[in-house]
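In the UniProt record's numbering, the protein residues as written are 1 to 267. Glycine included, every Cβ here is placed at the ideal spot set by N, Cα and C. Being a predicted model, the structure only gives us computed values, none of them experimental. Notes to accompany the following structure.
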Amino acid sequence: MSSNDRPAASSIHCRNVTVRFAPSSVAVDRVELTIQSGEIVSLIGPSGCGKTTLLRAIAGLQPMTEGQVELDPVAIASEGQIGFVFQQPGLLPWASTLQNVLLPLELIGRGTCRQRREAAQHALESVKLADARDKRPHELSGGMQMRASIARALVTHPRILLLDEPFAALDDMLRNELGRLLLSLWQQQQFTAVMVTHNISESILLSRRIAVMRDGVLESVIDNPIAWPRSPSQMRTPEFAQFFGVVSDSLRGPSSSPTLRTQEEAS
Ligand SMILES: Nc1ncnc2c1ncn2[C@@H]1O[C@H](COP(=O)(O)OP(=O)(O)OP(=O)(O)O)[C@@H](O)[C@H]1O
Numbered sequence: 001m002s003s004n005d006r007p008a009a010s011s012i013h014c015r016n017v018t019v020r021f022a023p024s025s026v027a028v029d030r031v032e033l034t035i036q037s038g039e040i041v042s043l044i045g046p047s048g049c050g051k052t053t054l055l056r057a058i059a060g061l062q063p064m065t066e067g068q069v070e071l072d073p074v075a076i077a078s079e080g081q082i083g084f085v086f087q088q089p090g091l092l093p094w095a096s097t098l099q100n101v102l103l104p105l106e107l108i109g110r111g112t113c114r115q116r117r118e119a120a121q122h123a124l125e126s127v128k129l130a131d132a133r134d135k136r137p138h139e140l141s142g143g144m145q146m147r148a149s150i151a152r153a154l155v156t157h158p159r160i161l162l163l164d165e166p167f168a169a170l171d172d173m174l175r176n177e178l179g180r181l182l183l184s185l186w187q188q189q190q191f192t193a194v195m196v197t198h199n200i201s202e203s204i205l206l207s208r209r210i211a212v213m214r215d216g217v218l219e220s221v222i223d224n225p226i227a228w229p230r231s232p233s234q235m236r237t238p239e240f241a242q243f244f245g246v247v248s249d250s251l252r253g254p255s256s257s258p259t260l261r262t263q264e265e266a267s
């Protein structure tokens with residue numbers, strides 16, 4: 001797909017999203033959140049607070065007890081417009097890197113065989129894996145497997161990219177490298193992204209806003225003041241350290257961060 005016919009990004013509107021797995025336990029509690037077109041938003045919060053469940057609800061993978069997720073334009077819920085990157089790369093072990101990346105295009109039957117191979121080859125080049133196209137997953141390092149997983153998610157040029165702790169299993173150096181890669185792919189493709197992470201630095205480096213969840217509730221949405229374009233070198237600046245403190249306080253609870261205002265309070 002050329003840059004001219006590449007679809008624009010899409011906005012996401014969570015309205016009163018509620019997910020109960022049992023009558024007495026609510027995993028996601030009446031979440032109201034709008035993610036603007038082309039925006040990257042991180043979801044952070046303590047383990048079990050409902051981040052993955054909310055992300056899966058946005059993806060249409062998790063039925064909701066109440067509420068709805070509206071995508072604008074609506075039609076993007078159609079195949080190929082939402083990419084998902086999981087914590088585990090989940091590559092097919094018997095298939096080559098190229099075949100793994102080709103898979104989404106084959107599943108939705110987009111283009112001719114030759115066009116699909118060109119698109120997959122291009123996706124591999126964009127994550128710097130062109131030389132590994134014929135290797136099987138077990139021949140790739142953890143970072144290479146995750147890059148292949150990102151290429152597979154982006155090969156269809158989705159308008160929305162959802163990421164569930166994509167770099168959690170990687171060391172800090174690889175995290176930074178893949179963070180830089182994700183930012184560069186976002187600059188090229190301008191998708192809307194929602195990323196679940198436990199890593200505060202990663203959430204600050206990659207996102208424009210940080211949504212803090214606790215016990216299923218969306219407690220606050222914090223505007224990220226760090227300037228764009230982003231690069232891992234910013235992690236060493238006083239501004240970054242200061243904002244890191246703000247996000248840490250918000251994770252500890254509302255009483256420890258009296259100056260924080262939610263998105264809704266600010267508007
Ligand atoms: N399929 C399920 N059936 C029953 N309960 C579930 C299911 N999936 C999640 N839960 C529960 O819902 C709550 C939220 O889980 P979720 O995985 O969304 O949290 P999380 O914030 O992503 O956690 P973590 O950071 O540890 O991955 C938890 O109490 C969890 O036990």
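Kindly indicate the opening and closing residues of the beta strand (DSSP E) around residue i.
i      : result
HIS13  : 11 to 22
THR52  : Note, THR52: premise wrong, no beta strand (DSSP E); alpha helix (DSSP H) at 51 to 59.
LEU43  : 40 to 44
GLU219 : 217 to 223
Between the beta-carbon of residue i and the beta-carbon of residue j, is there less than 8 Å?
i      : j      : result
LEU129 : ALA151 : yes
VAL17  : ALA59  : no
SER10  : PRO89  : no
THR53  : VAL85  : no
Between residue i and the rest of its own chain, which residues show a CB-CB distance below 8 Å, the 5 nearest in sequence each way excluded?
i      : result
ARG116 : LEU102, LEU105, GLU106, ARG110
GLN87  : ASP164, GLU165, PRO166, ALA168, ALA169
VAL247 : ILE44, ILE200, SER203, ILE204, ILE210, VAL212, ILE222
Buried or exposed for residue i, please, with buried defined as at least 16 other CB atoms from any protein chain shown within 10 angstroms of its CB.
i      : result
GLN189 : buried
ALA120 : buried
GLU202 : buried
ASN4   : Below a pLDDT of 50, predicted positions are generally treated as unreliable, and ASN4, at 43, falls in that range; the measurement from the model is reported next regardless. ASN4 is exposed by the Cβ-count criterion.
SER42  : buried
SER267 : Reliability fails at SER267, whose pLDDT of 35 lies under 50, so the model's placement of it is uncertain and the value that follows must be treated cautiously. So SER267 ends up on the exposed side.
ALA241 : exposed
GLN68  : exposed
Among residues of its own chain, excluding the 5 on either side of residue i, which ones have a beta-carbon nearer than 7 Å to its beta-carbon?
i      : result
MET144 : LEU129, ALA132
MET235 : SER201, LEU205
For ligand 3, I want to know if residue i counts as a neighbour, meaning its beta carbon is within less than 7 Å of at least one of the ligand's heavy atoms.
i     : result
THR52 : As far as ligands go, the structure on display features ligand 1 and does not contain ligand 3.
For the alpha helix (DSSP H) that contains residue i, what are its first and last residues?
i      : result
MET146 : 142 to 154
Going by beta carbon distance, what residues of the same chain come within less than 6 Å of residue i, once the five residues before and after it are set aside?
i    : result
SER2 : The pLDDT assigned to SER2 is 42, lower than 50, so where the model puts this residue is not dependable; a value taken from the coordinates is nonetheless given after this. Nothing meets the Cβ criterion.
Q.
Could you tell me which whole beta strand (DSSP E) segments of length 3 or greater appear in the region 157 to 203?
A. You should have 160 to 164, 192 to 196.
Q: Please list the segments of the alpha helix (DSSP H) lying wholly inside the region 87 to 112, counting only runs of 4 or more residues, in order along the chain.
A: With a minimum length of 4 residues, the continuous alpha helix (DSSP H) runs that stay inside the region 87 to 112 are 97 to 108.
Q: Write down every uninterrupted run of the alpha helix (DSSP H) in the region 113 to 144 whose length is 4 residues or greater and which is fully enclosed by it, in chain order.
A: Segments of the alpha helix (DSSP H) lying fully in the region 113 to 144: 113 to 126.
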